[in-house]
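In case it helps, the numbering used here puts the sequence shown at residues 450 to 905.
Report on the structure given below.
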Amino acid sequence: MSKQQKKNMAAKGNAGAKEEQEGTQEGTAEEDSTAKPVAPAPVPPKFSTWSQSQKEFLEELKKELRAVEEKIGKEMRDLQDNYEKKMTNLAKKVQKNTEENNTLKNKIGQMSKDIHKTMEEKNLLKNRVTQMEKDVQVFTEEKNALKVKIGQMDKDAQKFTEEKNYLKSRMGQMVKEVQKSIEEKNTFKSRIIQLEKEVQKITEEKNFLKSRIVQMEKEVQGLIEENHILKNRVVQVEANESKRHQETMKQSRKHDKIEENVKYLIGKTTDLENRSRRDHLRIIGLPEIHDQKKSLEIIFQEIVKENCPNILDRDGRIHIERIHRSPPERDPKMKSPRDIIAKFQNALVKEKILLAVRKKQFKYRGSTVRITQDLAASTLKERRAWNMIFRRAKELRLQPRITYPAKLSIILQGKRWTFNEIEDFQGFMMKRPDLNRKFEFQTQDPKKHKRVNVKE
């Protein structure tokens with residue numbers, strides 16, 4: 450390589466570094482931009498005087514950059530596949546844990562029913578023992594009454610003996626009375642015999658009651674032992690229940706950690722997807738009838754030429770790597786035209802277009818066209834949740850902006866405020882009643898991004 454060629458390459462390197470520094474300063478002027486240029490810039494016309502070796506060196510650099518882009522795309526697809534497999538395994542584990550918890554709940558319910566039934570049987574036995582104790586008390590009272598009656602009869606017999614002695618002393622005088630006394634004596638004898646039989650019967654009943662009481666004591670002892678066994682079973686059941694509760698809490702903590710990891714992975718995946726789209730623009734509202742006459746690339750070139758011609762290169766066009774409608778197939782039920790996704794070779798051109806869109810409204814053949822940064826579907830959904838608040842804040846001249854990934858930014862009293870969630874914005878408004886009256890918040894399902902109704 451000659452000295453002149455080396456000087457030319459050094460001058461080319463210094464000029465490229467200077468242009469790269471100027472492009473970096475222009476890219477950082479926008480707060481919510483997430484694009485970081487990766488694709489190599491096309492060769493400007495002013496470098497057409499390069500030597501053949503310098504051009505070959507530049508082409509080799511382009512090939513290496515394209516190879517790096519293909520490698521990054523392949524790694525992104527591998528990460529997506531691994532993420533889907535992990536999510537499937539996690540869902541199966543969560544379902545298995547839920548089934549085990551339901552089985553444990555059913556077993557605990559059955560054991561509670563058995564304990565309740567045992568307690569009812571225990572109460573029934575207690576009632577039976579109480580009734581038997583009452584019967585024994587009644588029998589004892591009757592027995593005491595009989596004893597009193599026998600004592601009275603003993604006293605009567607003693608009195609009769611005294612009268613008999615008295616009659617013997619007067620036998621001579623009262624023969625007829627003696628005869629009568631003899632008859633009365635025989636009557637008393639029969640009565641005594643009858644009383645002896647009754648006493649014998651009472652004794653037998655007493656012995657029977659004693660044997661019955663002994664039997665009842667044995668039954669009560671058996672019930673006490675059975676009650677002790679049931680108490681031990683209840684203690685064991687409570688211990689098992691405590692252990693199962695600890696296992697359930699452990700599984701719950703593990704499940705919460707899994708959910709946290711899944712949420713983190715989803716966030717990382719969304720961020721990676723957004724970064725992979727940093728060179729993309731989304732064109733919204735362009736009627737599809739224009740596609741039948743011209744290609745999308747030509748239409749987009751005309752849109753840029755009509756609305757911001759100063760962005761075009763010297764050859765009067767911008768360099769687009771690819772452009773297409775999304776989704777590929779049109780849904781007959783949808784009345785609005787499909788969006789257009791365009792990927793730029795030069796990220797600086799994309800940033801210039803976004804700056805121009807913020808300054809004026811783009812039109813094409815009389816139709817209003819919106820151009821925004823292309824983002825992941827989940828990020829777009831989160832941004833749409835701010836739509837009504839954004840429109841109301843714009844009406845109130847709060848200069849609202851949606852920053853990356855889905856944050857609302859407003860200017861109030863000369864100070865910029867940024868809110869990550871709708872709840873943060875709601876709490877901020879609650880502290881300012883005069884401004885809060887112009888917003889009416891209604892919390893919805895968290896999975897629907899807690900939409901907000903705004904007073905018109």
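The C-beta atom is built at its ideal place from N, Cα and C for all residues, glycine as well.
Only a predicted model underlies this, so the values are computations on that prediction, with no experimental measurement involved.
### Query
Can you name the residues that DSSP bridges to T821?
Against the sequence shown, residue 821 aligns to sequence position 372. Answer is R731, bridged to T821.
### Query
Under the DSSP definition of a beta bridge, which residues are partnered with H773?
Along the sequence shown, one-based indexing puts residue 773 at 324. I790, per the DSSP bridge assignment.
### Message
Assuming contact is defined by CB atoms lying nearer than 8 Å, are P854 and P786 in contact in what I supplied?
### Response
Position 405 of the sequence shown, counted from the start, is the residue given in the question as residue 854. Position 337 of the sequence shown, counted from the start, is the residue given in the question as residue 786. No.
### Query
Alpha carbon to alpha carbon, what distance is there between H704 and E508?
Against the sequence shown, residue 508 aligns to sequence position 59. Against the sequence shown, residue 704 aligns to sequence position 255. Inter-residue distance for E508 and H704 is about 52 Å (C-alpha atoms, whole angstroms).
### Task
Tell whether a beta-carbon distance below 8 Å holds between N404 and T867.
An answer regarding residue 404 cannot be provided, because it is not within the stretch 450 to 905 covered by the chain.
### Message
Using a 10 Å radius around the Cβ and a threshold of 16 neighbouring Cβ atoms, would you call H729 buried or exposed?
### Response
Walking along the sequence shown from the start, residue 729 turns up at place 280. Buried is the call here.
### Task
For E480, collect the residues of the same chain with a Cβ closer than 7 Å to its Cβ; drop the 5 residues on either side in sequence, then sort them by chain order.
Numbered from 1 along the sequence shown, position 31 holds the residue referred to as residue 480. Bear in mind that a pLDDT of 39 at E480, under 50, signals an unreliable position, so the model cannot answer this.
### Task
Assign E800 to buried or exposed, taking buried as 16 or more other Cβ atoms, counted over all protein chains shown, within 10 Å of its Cβ.
Stepping through the sequence shown from its first residue, residue 800 is reached at position 351. Under this definition E800 is a buried residue.
### Task
For K864, name the three-state secondary structure that DSSP assigns.
The sequence position of residue 864 within the sequence shown is 415, counting from 1. In this structure, K864 counts as strand in the three-state DSSP scheme.
#### Entry: Coarse secondary structure for R850, derived from DSSP in three states
Within the sequence shown, residue 850 is the residue found at index 401, counting from 1. Reduced to three states, the DSSP call for R850 is strand.
### Message
Relative to the C-alpha of L884, which candidate in E870, N869, K864, R841 has its C-alpha closest?
### Response
The sequence position of residue 884 within the sequence shown is 435, counting from 1. The candidate whose alpha carbon is nearest that of L884 is R841.
### Query
Under three-state DSSP, which class holds I859?
As a position in the sequence shown, residue 859 is number 410, starting the count at 1. Strand, per DSSP.
### Query
So what does DSSP say about S827, is it helix, strand or coil?
Working through the sequence shown from its first residue, we reach residue 827 at position 378. Helix at S827.
### Task
Measure the CB-CB distance between P849 and L857 and report whether it falls below 8 Å.
Counted from its first residue, the sequence shown places residue 849 at position 400. Counted from its first residue, the sequence shown places residue 857 at position 408. At a Cβ-Cβ threshold of 8 Å, P849 and L857 count as neighbours.
### Query
When you compare only the Cα positions, how much space is there between T697 and I707?
As a working mapping, residue 697 is identified with position 248 in the sequence shown. As a working mapping, residue 707 is identified with position 258 in the sequence shown. The C-alpha of I707 is placed about 15 Å away from the C-alpha of T697.
#### Entry: Alpha carbon of H565 to alpha carbon of N689, nearest angstrom
Taking the first residue of the sequence shown as 1, we reach residue 565 at position 116. Taking the first residue of the sequence shown as 1, we reach residue 689 at position 240. H565 and N689 have their C-alpha atoms some 18 Å from each other.
### Message
At 3 residues or longer, what runs of the beta strand (DSSP E) sit wholly inside the stretch 698-745?
### Response
Restricted to the stretch 698-745, the beta strand (DSSP E) segments that are unbroken, complete and at least 3 residues in length are 729-733, listed in chain order.
### Query
In the structure shown, what three-state DSSP assignment does R874 receive?
Translated into positions along the sequence shown, residue 874 becomes position 425. In the sequence under discussion, the amino acid at residue 874 is Phe, which differs from the Arg named in the question. Here F874 sits in helix by DSSP.
### Message
Among the candidates T821, Y813, K717, whose CA atom is the shortest distance from the CA of I790?
### Response
Along the sequence shown, read from residue 1 onward, the residue named residue 790 stands at position 341. That would be T821, whose Cα lies nearest to the Cα of I790.
### Task
From the DSSP output, in three-state form, read off K782 for me.
Here the question's residue 782 lines up with position 333 in the sequence shown. In the structure shown, K782 sits in coil (DSSP, three-state: anything other than H, G, I, E or B).
### Task
Determine which residues share a DSSP beta bridge with F811 and list them.
For the purposes of this step, residue 811 is taken as residue 362 along the sequence shown, with counting starting at 1. DSSP lists V818 as partners of F811.
### Assumed close pair I772, E746 - CB separation to whole angstroms, cut-off 8 Å
The residue labelled residue 772 in the question sits at position 323 within the sequence shown. The residue labelled residue 746 in the question sits at position 297 within the sequence shown. The Cβ separation is near 5 Å, so the contact holds.
### Message
For N614, count the other beta carbons within 10 Å of its own beta carbon; 16 or more makes it buried, fewer makes it exposed. Which is it?
### Response
Counted from its first residue, the sequence shown places residue 614 at position 165. Exposed: under 16 other Cβ atoms inside 10 Å.
#### Entry: For T567 and L679, believed in contact at Cβ under 8 Å, the rounded distance
Stepping through the sequence shown from its first residue, residue 679 is reached at position 230. Stepping through the sequence shown from its first residue, residue 567 is reached at position 118. Yes, L679 and T567 are in contact; Cβ-Cβ is about 5 Å, under 8 Å.
### Query
With DSSP run on the structure shown, which of helix, strand or coil describes N795?
The count along the sequence shown starts at 1 and reaches residue 795 at position 346. In the structure shown, N795 sits in coil (DSSP, three-state: anything other than H, G, I, E or B).
### Message
Measuring alpha carbon to alpha carbon, tell me which residue in Q622, Q700, Q601, E591 is nearest K542.
### Response
Within the sequence shown, the letter at position 93 stands for residue 542. Of the candidates Q622, Q700, Q601, E591, the one whose C-alpha sits nearest the C-alpha of K542 is Q700.
#### Entry: Close Cβ partners of K418 (< 7 Å) along its chain, the five nearest in sequence each way excluded
This structure does not reach residue 418, given that the chain is present from 450 up to 905, and the question cannot be answered.
### Message
Considering only the alpha carbon of each residue, which of E674, E751, D563, K808 lies closest to H768?
### Response
For the purposes of this step, residue 768 is taken as residue 319 along the sequence shown, with counting starting at 1. Nearest option by C-alpha distance: E751.
### Message
Using 8 Å as the threshold, is the C-beta distance between Q757 and A796 below it?
### Response
Mapped onto the sequence shown, residue 757 falls at position 308. Mapped onto the sequence shown, residue 796 falls at position 347. In the sequence as displayed, the identity of residue 757 is Cys instead of Gln. For C757 and A796, no; Cβs fall outside 8 Å.
### Query
Three or more beta-carbon pairs under 8 Å between the stretch 585-604 and the stretch 638-654, yes or no?
yes
### Query
Going by the beta-carbon positions, is the gap between I732 and D780 smaller than 8 Å?
As a first step, residue 732 is located in the sequence shown; it is residue number 283 there, counting from the start. As a first step, residue 780 is located in the sequence shown; it is residue number 331 there, counting from the start. In this structure, D780 does not lie closer than 8 Å to I732 by Cβ.
### Query
Looking at C-alpha atoms only, which residue of L510, V711, N550, E612 is the closest neighbour of E533?
Counting from one through the sequence shown, the residue named residue 533 turns up at place 84. Checking every option, the nearest Cα to that of E533 belongs to V711.
### Task
In the DSSP assignment, find the alpha helix (DSSP H) that holds I838 and state where it starts and stops.
Your numbering for residue 838 matches position 389 in the sequence shown. Here the alpha helix (DSSP H) through I838 covers 836-844.
### Task
Could you spell out the range, first to last residue, of the alpha helix (DSSP H) harbouring D883?
Position 434 of the sequence shown, counted from the first residue, corresponds to residue 883. Note, D883: alpha helix (DSSP H), 882-885.
### Query
Which of the three DSSP states, helix, strand or coil, is assigned to G522?
Reading the sequence shown from its first residue, position 73 is the one you call residue 522. Three-state result, G522: helix.
### Assigned secondary structure, L500 (DSSP; H/G/I helix, E/B strand, else coil)
Sequence index remark: in the sequence shown, residue 500 carries index 51 (1-based). Here residue 500 is Ser; the residue named in the question, Leu, does not match the sequence. It is coil, neither helix nor strand.
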